[in-house]
Structures are given as structure tokens and as C-alpha cells.
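K.L.:
Numbering (the numbering used here), first residue to last: 2 to 81. Where a beta carbon is used, it is the ideal one built from N, C-alpha and C, also for glycine. All values derive from a computational prediction rather than experimental measurement.
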Amino acid sequence: MPWESTVCISQRWFFHTTDTVYKSIDELAELYHIATRNDNILILNCPPNREGKIRDKDVKTLMQLKERIVPSPHTITDAE
Numbered sequence: 002m003p004w005e006s007t008v009c010i011s012q013r014w015f016f017h018t019t020d021t022v023y024k025s026i027d028e029l030a031e032l033y034h035i036a037t038r039n040d041n042i043l044i045l046n047c048p049p050n051r052e053g054k055i056r057d058k059d060v061k062t063l064m065q066l067k068e069r070i071v072p073s074p075h076t077i078t079d080a081e
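(1) To the nearest angstrom, how far is the alpha carbon of Tyr33 from that of Trp4?
(2) Is DSSP giving Val60 helix, strand or coil here?
(3) Do you know offhand how far His17's Cα is from Asn50's?
(4) Tell me whether the beta-carbon of Thr62 lies closer than 8 Å to the beta-carbon of Ile26.
(5) For Gln12, which of Leu45, Glu31, Arg38 has the nearest alpha-carbon?
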């Protein structure tokens, strides 16, 4: 049974107005590749603010991560 790696994009699991430290794109890409290289998944927590919205900074980071990640040979796609 595969395991999962659950990681926060910032320092905390829940939204906090004082969050200032975020994982870099390099860190997040490495965490993704470690997980998928071992046939596992990465769950990336991006906590919504009090209005239920994801911070603009988090959205930007996720979009940059999307561009960085190259699907591994084990990635399931719609074509399969």
C-alpha cells in the first residue's frame, strides 16, 4: 500500500495572517519527486484564508510548481 507525504506550503497547517515563511519551488519540486520516485503521492496543504480563498502567493507558487514538475513514468494520465 503506498504512503503519502503531506506537506504544508507555509509553516502552519491552518491559515494564519502572520505566515511569512514558505517553501521554495525547489523544495516543493524535490518533495514531489521524492514521493513519486517511490511510487507515492504528495499532498500539498494550501490553507484557505478566513474568506475561504487561497492566498495569491500560494496560487502563484502552485502554478510555478506545475510548470516545474515533469511527469514521472508512473504518472497516471487520462490516456491510460
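P.N.:
Taking the structure as given:
(1) As a working mapping, residue 33 is identified with position 32 in the sequence shown. As a working mapping, residue 4 is identified with position 3 in the sequence shown. The alpha-carbon separation between Tyr33 and Trp4 amounts to approximately 13 Å.
(2) Sequence index remark: in the sequence shown, residue 60 carries index 59 (1-based). Helix, per DSSP.
(3) Counting from 1 along the sequence shown, the entry for residue 17 is found at position 16. Counting from 1 along the sequence shown, the entry for residue 50 is found at position 49. Each residue's Cα considered, the two are about 8 Å apart.
(4) The residue labelled residue 62 in the question sits at position 61 within the sequence shown. The residue labelled residue 26 in the question sits at position 25 within the sequence shown. Against a cut-off of 8 Å, the Cβ pair of Ile26 and Thr62 comes out as a contact.
(5) The residue labelled residue 12 in the question sits at position 11 within the sequence shown. Taking each of Leu45, Glu31, Arg38 in turn and checking the Cα distance to Gln12, the smallest one comes out for Leu45.
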